[in-house]
Amino acid sequence: MSDIDLPPRLTALTFHGPLSEARAARLTQRLTRTSPATVIDIGCGWGELMLRVLDAAPGATGLGIDVNVDDLARGRGNAEARGLADRAEFVEESASGTTRGPADLVLCLGASHALSDAAPPHHTAAALRALRSLVTPGGRVLLGEGFWQRTPTVAELAAMWPDASAGEYHDLAGLVDISIDAGFRPVWIETANNDEWEEFESGYQSDLEEWLSVNGDQPVAAESRERVDTHRATWLSGYRGVLGLAYLTLAPVG
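All residue numbers for the sequence shown refer to my numbering, where the first residue is -11 and numbers rise by one.
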């Protein structure tokens, strides 16, 4: 099967998560106030926020770690197009047990699972301990992590992913508490809003929906249609308005 027969992947997304341009600009400004010289992006995908930080922090170098080769290639291409290829490296490897740090700024956006094999929600505390070991004194960690905005109902859990449970995530207060327990102070706490979630979820599915509208007879159409329909139902009937994403800017203690 040639590439032209395959649905495109995530080209409608700038960030692989519910993150607006306005919030990204504020985060970049805040994270570069400490003049980081080194940046690590855990589970970087195509590393869009890392590249923006590097652009705003002349001389800083960045390392993105992920296992998705397509996303890494996209990140390398974006770095080249922006003149950042000499300062941004994208490597294909697991972040679990990584010895790549420490760095002045560590990004971990929706990727805490890459740092721990522990079952949810315990993986978050384990990931925070790993992040604490990866950041330099006086540095910063930006953690993007899921939390329950409210306790999901039985019906909502049934509409989510297999084996979804109310104990799978902390609430926001609990998430902040375990960040403190891991050796951080939360210098900024913010959460993705509904517009950011809808922009992300619509963009996540947009390429495939566009493709299906004109390629319904392609061999992979049935499988693709089932996949996108399942994801949409999981979002709209399951976690929409229930699952949140917190962006915690964390300063290591000591």
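Every residue, glycine too, gets a C-beta built ideally from N, C-alpha and C.
query: DSSP three-state label for D(-9), please.; result: Low confidence applies to D(-9): its pLDDT is 49, below 50, so where it sits in the model is not reliable enough to give any reading.
query: If you reduce the DSSP assignment to three classes, tell me which class G63 lands in.; result: helix
query: When the Cα atoms are used, what is the spatial distance from G126 to R18?; result: 14 Å
query: Could I get the ranges of all uninterrupted beta strand (DSSP E) runs contained in the region 59 to 142, with 3 residues as the minimum, in chain order?; result: 76 to 80, 91 to 97, 123 to 136
query: Return yes when the Cβ of R(-3) is within less than 8 Å of the Cβ of D195, no when it is not.; result: yes
query: Look at the Cβ atom of S100, then the Cβ atom of T87, and state whether they are nearer than 8 Å.; result: no
query: Hey, could you find the ends of the beta strand (DSSP E) E178 is sitting in?; result: 172 to 179
query: What are the boundary residues of the beta strand (DSSP E) that includes V55?; result: That residue, V55, is in no beta strand (DSSP E); it is neither H nor E in DSSP.
query: What's the gap between the Cα of R70 and the Cα of H219?; result: 33 Å
query: Counting only the same chain and skipping the five closest in sequence on each side, list residues whose C-beta sits under 8 Å from that of S121.; result: G89, P90
query: Can you tell me whether E187 is buried or exposed? The criterion is at least 16 other CB atoms within 10 Å of its CB, across all chains shown.; result: buried
query: So which of H110, V79, D217, R11 has the shortest CA-CA distance to H158?; result: H110
query: Mind checking whether E144 and G232 have CB atoms under 8 Å apart?; result: no
query: Which residue's Cα is closest to the Cα of D105: R75, M148, A118?; result: A118
query: For the alpha helix (DSSP H) holding Y192, just list the boundary residues, first then last.; result: 182 to 202
query: How would you call R40, buried or exposed, if buried means at least 16 neighbouring beta carbons within 10 angstroms?; result: buried
query: Can you round the beta-carbon distance between G98 and F78 to whole angstroms, since I take them to be within the 8 Å contact cut?; result: Not confirmed; about 17 Å, so no contact.
query: Which whole-angstrom value is the C-beta distance of D(-7) and Q206, which I expect to be below 8 Å?; result: 6 Å
query: Taking the beta carbon of L131 as the centre, do at least 16 other beta carbons fall within 10 Å, making it buried, or is it exposed?; result: buried
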